[in-house]
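Have a look at the structure below, then the notes.
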Amino acid sequence: MRIGCHGLVWTGDYDAAGIRRAVAQTREAGFDLIEFPLMDPATFDATAARAALDEHGLDATGSLGLSAPTDISSEDPARVRAGEELLNRAVDVLAELGAEHLCGVIYSAMQKYLEPATARGIANSQEVIGRVAGRAAEAGISVSVEVTNRYESNVLNTARQAREFVAGLEPSVGVHLDTYHMNIEEPSMFAPVLETADQLRYVHIGESHRGYLGTGSVDFAGFFKALHQVGYDGPIVFESFSSAVVSPTLTSALGIWRNLWEDGAELGAHANTFIRGQLAANASLRHH
1 MRIGCHGLVW TGDYDAAGIR RAVAQTREAG FDLIEFPLMD PATFDATAAR AALDEHGLDA
61 TGSLGLSAPT DISSEDPARV RAGEELLNRA VDVLAELGAE HLCGVIYSAM QKYLEPATAR
121 GIANSQEVIG RVAGRAAEAG ISVSVEVTNR YESNVLNTAR QAREFVAGLE PSVGVHLDTY
181 HMNIEEPSMF APVLETADQL RYVHIGESHR GYLGTGSVDF AGFFKALHQV GYDGPIVFES
241 FSSAVVSPTL TSALGIWRNL WEDGAELGAH ANTFIRGQLA ANASLRHH
């Protein structure tokens, strides 16, 4: 099981210098992997990233959220096509990095919708995700769809919806759970893990207010117990956002209207210790 950190904890600039800084700080905070934000895979410097990963002995994963013009859950064929091209470019970048996971809000735009998803739109999304995952699998990359809250997508808001969405696409497509979103939409932190036990490939750890772990209302004890019970062994990645770091565009998309931290280094080191502590506590239960 590898413990990681989302790259936006360190910097919002993903030029070569930003990539190098983010990788170095991820290693310094004690993590095993960095999750790169691939909002624009066409401009991502995979060569610089690969060199930095090799230098610091880190693994990488990649995530992104689609936008309205690349929304594969749309009924507009041009948008669906543009989204598929974007996801394929992201797969190519991750293949260059030797990464094993693509995840995030890759099945719809990451935005507040004003009406429910349509059956045709969901079918479009499933078809594209199926094709992208097939292509990714050839490069040894696993694709997982992130269950997100109602203000960031109208397609997958619960683990149950995700389980049904990927049912016909397994085993090439998995489920990605995020405690921040679960805390908004799910009845508990335990049941969704059991519900997706066979499909769960990727986990985001975020507090209810996206600040320091343990200072909000997320039931981490229940969540980590559930991971332990199902024998989850995929990546566990800390995610938190502050406009001290991320770009104005993403600040708007994520609704970062107040900052719960300024110092990513301190926040990241705390998260690494917190997550490893939860895992160690649950591992101790094996012997009793």
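Note that the sequence shown covers residues 1 to 288 in the UniProt record's numbering.
C-beta: ideal position from N, C-alpha, C; glycine also.
Whole-number beta carbon distance between residue j and residue i, since they are thought to touch under 8 Å
i    : j    : result
Y202 : G231 : In fact, because the Cβ distance is near 15 Å, the residues do not count as touching under 8 Å.
S142 : H101 : 5 Å
Q111 : A68  : 7 Å
G62  : E96  : Rounded, the Cβ-Cβ distance is 11 Å, inconsistent with contact.
D54  : D15  : About 19 Å separates the two Cβ atoms, so there is no contact after all.
E146 : G104 : 5 Å
T11  : R21  : 6 Å
A52  : V23  : 4 Å
L260 : H209 : 6 Å
Neighbourhood of residue i by C-beta, 7 Å cutoff - its chain only, sequence neighbours within 5 removed
i           : result
G206        : D178, T179, Y180, E239, S240
S125        : I72, S73, Y107, S108, V155
T251        : S243
A137        : S172
V132        : E84, L87, N88, V91, V143
G222        : S188, M189, F190
residue 327 : Limits of the chain in this structure are 1 at one end and 288 at the other, which puts residue 327 out of reach.
Test: residue i CB closer than 8 Å to a CB of chain B
i    : result
A191 : Reference to chain B is not applicable here, since this structure consists of a single protein chain.
Which of helix, strand or coil DSSP assigns to residue i
i    : result
G268 : helix
I256 : coil
G231 : coil
S188 : coil
I106 : strand
A60  : strand
G121 : helix
V245 : coil
V23  : helix
V173 : strand
R150 : coil
F224 : helix
E75  : coil
E262 : coil
E115 : coil
T273 : helix
Q126 : helix
V155 : coil
S284 : helix
F165 : helix
A46  : helix
T251 : helix
Q278 : helix
Cα-Cα separation between residue i and residue j, rounded to whole angstroms
i           : j    : result
A123        : S73  : 8 Å
R160        : P187 : 11 Å
D71         : E170 : 22 Å
I236        : A49  : 21 Å
A281        : G268 : 20 Å
H56         : A117 : 43 Å
M189        : L87  : 30 Å
residue 321 : A90  : Given a span of 1 to 288 for the chain in the structure shown, any question on residue 321 remains unanswerable.
D219        : P192 : 13 Å
L8          : V246 : 6 Å
A197        : T215 : 27 Å
H176        : R286 : 26 Å
E195        : F224 : 15 Å
A162        : T43  : 30 Å
L120        : G277 : A small correction: the amino acid at residue 120 is Arg; Leu does not occupy that position in the sequence shown. Between R120 and G277, the C-alpha separation is close to 44 Å.
I129        : E85  : 11 Å
E75         : D263 : 42 Å
R135        : E266 : 38 Å
Y212        : F274 : 10 Å
L64         : V93  : 12 Å
Sheet register partners of residue i (DSSP bridge)
i    : result
I3   : I236
D178 : H204
L66  : A109
L33  : G4, D59
H101 : S142
8 Å Cβ shell around residue i - same chain, five flanking residues per side excluded
i    : result
D32  : R2, I3, G4, L58, D59
D233 : M1
A82  : P69, T70
R144 : Position check: residue 144 holds Ser in this sequence, whereas Arg was assumed. Result list for S144: H101, L102, C103, V173, G174, V175, H176, R201, Y202, in chain order.
A283 : H228
T158 : V147, E185, E186, P192
Own chain, CB closer than 6 Å to residue i, minus 5 neighbours either side, in chain order
i   : result
A29 : G268, A269, N272
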